Amino acid sequence: MRLTQDAQVMPSIGSWTSEAACVVDPDILQGSIPATAVDTDRRFGPHSRPMADHVVTATLDGGGVPFRVAASERGIVAAAWEPDEGSFDAALRARFRTPVVPTGAAPEDDPARRILDAVLPAIADLLRGRRTDTAVIPIDLRDRPPFDQRALDAVRDVGWGETASYGGIARRIGAPRAARAVGGAVGRNPISMIIPCHRIIAGDGTLGGYGGDGWIDRERQRSRKEALLLREGVTVPRRAG
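Going by this note's numbering, the sequence shown opens with residue 657, and the numbers climb by one from there.
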C-alpha cells in the first residue's frame with residue numbers, strides 16, 4: 657500500500673539517503689563505542705541474532721522524498737527517508753537475512769502487515785508535523801546490540817518539544833560515562849521519527865554536527881534537523897564556526 661496525502665508535510669530540502677537517520681556530533685561518533693560501555697554478551701555472532709521470519713514494507717509521502725517503513729511480526733524495524741526502494745529493501749535483507757514483502761503482496765491477516773496497517777496513519781500524521789503519540793507504536797529492535805536498545809529506548813522517551821543531550825541519555829540508562837557510546841547508538845538508529853533522534857543535541861546546548869554513514873550533504877541534514885525541531889516549537893542554535 658502506498659499512501660499519499662495533500663496535507664502539509666515536511667518541506668523538501670533535496671534528495672538524500674541514509675540507513676540511519678540522525679544528525680550526530682562527529683566528536684561523539686569518533687570512537688563512539690568504548691569497551692567499557694558496550695555489551696559483552698557474545699552469544700550471538702554477527703549474523704546469528706534472532707531474526708524476523710520476514711518483514712513487510714510500505715511507503716509514505718515524506719515531503720519530496722519517500723518515507724519508507726518496515727515491520728516484523730513484533731513491530732516497526734526500520735523507517736527512513738529513502739529515495740531508492742531497492743536500497744531500502746537490500747539493507748533490510750542484509751540486516752535480517754529474511755524476505756522483504758511489499759504490504760500489498762502480504763496477506764491481510766499477516767501479523768507484520770496488520771502492524772503496518774494499524775500504525776501508518778499515525779506515522780503519516782507525524783510526517784505532516786502533527787503532534788502524535790508515538791509511544792503506542794510497537795517497535796522491534798531485537799537484532800540491535802543490547803546497549804543500543806537501552807539507549808534508543810531512552811531516546812524514545814524524549815517527548816514532543818523536548819530535547820536531551822547524549823550525556824543526558826547516558827545518565828538516564830545508568831551509564832553516565834558513556835555519552836560517546838550513546839552517540840554511536842543514536843547514529844545507528846534504524847527507525848527515524850518514531851525514535852526521535854532529532855531531539856538529541858550536543859551537551860553545550862547547540863544543534864550538534866553531522867555524523868553517520870550514507871549522508872550526502874551535511875548542511876541539508878542539519879537543516880532537516882532544525883526544521884523538525886522548529887515545527888515542535890524548539891529553536892536550537894548551531895555551534896559557532
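Quick reminder that beta carbons are idealized off the backbone N, C-alpha and C, glycines included. Computed from a predicted structure; not experimentally measured.
Residues that DSSP places opposite residue i in a beta bridge
i, result
"residue 714", "725"
"residue 757", "712"
"residue 847", "735"
Alpha-carbon spacing of residue i relative to residue j, whole angstroms
i, j, result
"residue 752", "residue 799", "8 Å"
"residue 852", "residue 776", "16 Å"
"residue 891", "residue 829", "26 Å"
"residue 815", "residue 746", "32 Å"
"residue 822", "residue 888", "20 Å"
"residue 801", "residue 740", "27 Å"
"residue 882", "residue 845", "18 Å"
"residue 864", "residue 886", "15 Å"
"residue 833", "residue 862", "20 Å"
"residue 791", "residue 708", "22 Å"
"residue 894", "residue 838", "21 Å"
"residue 878", "residue 748", "26 Å"
"residue 660", "residue 718", "Low per-residue confidence applies at residue 660: pLDDT is 35, beneath 50, and the placement is therefore not dependable enough to give any value."
"residue 691", "residue 803", "Per-residue confidence for residue 691 stands at a pLDDT of 42, beneath the threshold of 50, marking its modelled position as unreliable; the derived number appears in the next sentence. Rounded to whole angstroms, residue 691 to residue 803 spans 12 Å at the Cα level."
"residue 810", "residue 742", "31 Å"
"residue 784", "residue 876", "19 Å"
"residue 824", "residue 859", "8 Å"
Which listed residue (the options) has its alpha carbon closest to that of residue i
i, options, result
"residue 899", "806, 817, 715, 770", "Because residue 899 is not part of the residues shown, which for the chain are 657 to 897, the question remains open."
"residue 938", "843, 842, 826", "Absent from the model: residue 938. The displayed extent of the chain is 657 to 897, so no value can be given."
"residue 782", "856, 735, 710, 731", "735"
"residue 755", "737, 716, 744, 710", "710"
"residue 729", "767, 758, 762, 763", "767"
Collapsed DSSP secondary structure at residue i in the structure displayed
i, result
"residue 858", "coil"
"residue 820", "strand"
"residue 736", "strand"
"residue 771", "helix"
"residue 793", "coil"
"residue 764", "coil"
"residue 893", "coil"
"residue 686", "The pLDDT assigned to residue 686 is 43, lower than 50, so where the model puts this residue is not dependable; a value taken from the coordinates is nonetheless given after this. Of the three classes helix, strand and coil, the one that applies to residue 686 here is coil, per DSSP."
"residue 834", "coil"
"residue 811", "helix"
"residue 804", "helix"
"residue 825", "helix"
"residue 777", "helix"
"residue 887", "coil"
"residue 745", "helix"
"residue 863", "coil"
"residue 719", "coil"
"residue 785", "coil"
Beta-carbon proximity check, residue i vs residue j, cutoff 9 Å
i, j, result
"residue 721", "residue 772", "no"
"residue 850", "residue 820", "no"
"residue 786", "residue 727", "no"
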